[in-house]
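**Q**
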Amino acid sequence: MNRSTRTAAASACLSLAIAACTPSNPAPSDSSPAETTPVPSASSTESASPDPSPTTSEQSTATPNPPGRKASNVPMEKLKPGEKAPQFIIVSFDGAGSHAKWQEFMAVAKKTDARFVGFVTGTYFIDDQHKTAYQGPGHKAGKSSVGFGGDAQRIATLVIDLNEAYAAGHEIGTHYNGHFCAGAGPSGNDWSTADWKNEIGQFKKFLTEHKAINGYDDSFPELKVPVEHIKGGRTPCLEGKLEAMIPAWKDVGFTYDTSMVLSNGLSWPEKIDGIWEFQMPVVNSPAFDKPGYKSPTVMAMDYNFWIKVNGGKDDKSKTAEMTRAARETYDYMYEQAFGGNRAPLVIGNHFNNWSGNAFNPAVASFMADTCGKEATYCTTYQDVIAWMELQDPEVLKALLDQPAHP
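Numbered by mature numbering (1 follows the signal peptide of the UniProt record, and there is no 0), the letters in the sequence shown go through residues -26 to -1, 1 to 380 in order.
1. Can you find a C-beta in chain D that's less than 9 Å from the C-beta of I249?
2. Using C-beta distances below 6 Å, list every residue in its chain close to F312, excluding the 5 sequence neighbours before and after it, in chain order.
3. With distances taken between CB atoms, is the gap from A59 to R316 smaller than 9 Å?
4. CA-CA distance, P(-4) and A158?
5. Provide the residue(s) that pair with residue 385 in DSSP beta bridges, ordered along the chain.
6. Just to confirm the assignment, what range does the alpha helix (DSSP H) spanning S77 have?
7. With DSSP run on the structure shown, which of helix, strand or coil describes D68?
8. Answer yes if the stretch 241 to 258 comes into contact with the stretch 180 to 190, meaning at least three C-beta pairs across the two stretches below 8 Å, and no otherwise.
9. Distance, Cα to Cα, A45 vs F67?
10. If I measure Cβ to Cβ from V91 and keep anything under 8 Å in the same chain, skipping five residues before and after, which residues do I get?
11. Between the Cα of L136 and those of K52, Y98, A332, spot the shortest distance and give me the residue it belongs to.
12. Could you check whether G110 and L181 sit closer than 9 Å to each other, using their CB atoms as the reference points?
13. Between V120 and G56, how many whole angstroms is the CB-CB distance? I'm expecting something under 8 Å.
14. Take Y230 as the anchor and find which of A349, P243, G239 has the nearest alpha-carbon.
15. Can you tell me whether G92 is helix, strand or coil according to DSSP?
16. For N39, count neighbouring Cβ atoms within 10 angstroms of its own Cβ and tell me buried if that reaches 16, exposed if not.
17. Comparing alpha-carbon positions, which option in P210, A294, G266, M80 lies nearest A156?
18. Secondary structure at Y190, three-state DSSP: helix, strand or coil?
19. Quick check: the stretch 364 to 376 against the stretch 330 to 344, are there 3 or more CB pairs under 8 Å?
20. Give the straight-line distance between the Cα atoms of M219 and P160, rounded to the nearest whole angstrom.
21. What residues match up with C352 in a beta bridge as DSSP calls it?
22. In the DSSP assignment, the alpha helix (DSSP H) including G330 goes from what residue to what residue?
23. Out of A274, G285, A294, K292, which has the shortest C-alpha to C-alpha gap to D305?
24. From what residue to what residue does the alpha helix (DSSP H) around M341 run?
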């Protein structure tokens, strides 16, 4: 599949991967999922088109690392023509509001010098008493499908976790704010460019002004994640139309997104109207190529594994089966990419305890066993972009033009 065809395919409705939205979810805690994010109805890309040529090193969008932050784990070296690219693995978590999960995955990553990405929800910086500070586009003030930050203690803990993660080299991105999906509209698919600018503006305000909004004094910990270092994210339920979102992203200095859906296989990202799009892959997993499943096709996201196994039911008798299926899918993806086109693996997750904590252990074990392998780097979107933009244009073009690997 060529790149323009792949862009169009990303906007088609993927019935094999679509799951129903859960309209209401709890605020972040360690005893419940920070979010229940389903997969999307896919976005339209009618007015968006792939850039004709990749960005060169002279046009790099990389953000300099501030003093005190751990350096990238990716060797920033140019490939020679025909040389194999490193195998990048980008593990990310939507919502990113659980203290226990932040600590767990930072400990896992530290063992292999891995990096991962937390897409934090902006409303988690606003305490319940001040929830009317947020008004999602088309919604009443104080409404959110995933709740708010709880009390000052919980928000302070989140700030400390984010500071620790950022200092360790992990990336902080956005999962936006109210998590309004189809059925709780107006949702991302309904929003205009002005609506997306409003949503992003509120997200940034909550990160920079939450102390004032909540009435906290100087003893409250400072968030040390520079808001200008947030360069992209994943939209709630993977909703949104590129023709509406891209102008908003460019206006705020975003450089990437990871909300579109790749119709099938593993592929390198593409640059669409100046934005790097890391599409969520749909793969034919051997874990589901067996009796009891209609097809082996699944999106590589924890929620989709859950839907695939039992329709998203909280059934602890299926926990072990779900964990095995997720891990087997990740292993298959790695083997296919490493032995094939070396496309960066995009693995989407949530900090959750769904169905007896079936899915986070699969991610943790995959990271522990894979991130330290030869020529393999578990890293961030921004570091993969920096590596790509370092390459000579013809070398990068050859990588990006490779067909999706089944």
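The beta carbon of each residue, even a glycine, is placed where N, CA and C say it ideally should be.
**A** Reading it off the structure:
1. Given the protein chain composition of this structure (a single chain), no chain D is represented.
2. Against the sequence shown, residue 312 aligns to sequence position 338. Apart from the 5 residues on each side of it in sequence, F312 sits with its Cβ closer than 6 Å to the Cβ of Q61 in its chain, given in chain order.
3. Sequence index remark: in the sequence shown, residue 59 carries index 85 (1-based). Sequence index remark: in the sequence shown, residue 316 carries index 342 (1-based). It is a contact, given that the beta carbons lie within the stated cut-off.
4. Counted from its first residue, the sequence shown places residue -4 at position 23. Counted from its first residue, the sequence shown places residue 158 at position 184. With a pLDDT of 32 at P(-4), under the threshold of 50, the modelled position of this residue cannot be trusted, and the question is left open.
5. Missing from the structure shown is residue 385; the chain here goes from -26 to 380 and no further.
6. The residue labelled residue 77 in the question sits at position 103 within the sequence shown. It is Gln, not Ser, that sits at residue 77 in the sequence shown. For Q77, the enclosing alpha helix (DSSP H) begins and ends at 73 to 85.
7. In the sequence shown, residue 68 corresponds to position 94, counting from 1. Strand.
8. no
9. Translated into positions along the sequence shown, residue 45 becomes position 71. Translated into positions along the sequence shown, residue 67 becomes position 93. A45 and F67: Cα-Cα distance of roughly 21 Å.
10. Numbered from 1 along the sequence shown, position 117 holds the residue referred to as residue 91. Excluding residues within five positions, the ones whose Cβ falls inside 8 Å are I64, V65, S66, F67, H144, E145, I146, G147, T354, Y355.
11. Here the question's residue 136 lines up with position 162 in the sequence shown. The residue with the shortest Cα to Cα distance from L136 is Y98.
12. Numbered from its first residue, the sequence shown carries residue 181 at position 207. Numbered from its first residue, the sequence shown carries residue 110 at position 136. One thing to note: L181 has its Cβ no nearer than 9 Å to the Cβ of G110.
13. For the purposes of this step, residue 120 is taken as the residue at position 146 of the sequence shown. For the purposes of this step, residue 56 is taken as the residue at position 82 of the sequence shown. Not quite, the Cβ-Cβ distance comes to about 47 Å (not below 8 Å), so this is no contact.
14. Walking along the sequence shown from the start, residue 230 turns up at place 256. Of the candidates A349, P243, G239, the one whose C-alpha sits nearest the C-alpha of Y230 is P243.
15. For the purposes of this step, residue 92 is taken as the residue at position 118 of the sequence shown. It is a strand residue.
16. Translated into positions along the sequence shown, residue 39 becomes position 65. N39 is exposed by the Cβ-count criterion.
17. The residue given as residue 156 occupies position 182 in the sequence shown. Comparing Cα-Cα distances from A156 to each of P210, A294, G266, M80, the minimum goes to P210.
18. For the purposes of this step, residue 190 is taken as the residue at position 216 of the sequence shown. Coil, per DSSP.
19. no
20. As a first step, residue 219 is located in the sequence shown; it is residue number 245 there, counting from the start. As a first step, residue 160 is located in the sequence shown; it is residue number 186 there, counting from the start. In a straight line, the C-alpha of M219 is about 15 Å away from that of P160.
21. Translated into the one-based positions of the sequence shown, residue 352 becomes position 378. The partner list for C352 (beta bridge, DSSP) reads I63.
22. Taking the first residue of the sequence shown as 1, we reach residue 330 at position 356. Run containing G330: 328 to 331, per the alpha helix (DSSP H) assignment.
23. Taking the first residue of the sequence shown as 1, we reach residue 305 at position 331. Answer by Cα proximity: A274.
24. Taking the sequence shown and counting its residues from 1, the one referred to as residue 341 is at position 367. It spans 334 to 344 - the alpha helix (DSSP H) in which M341 sits, taken as one unbroken run.
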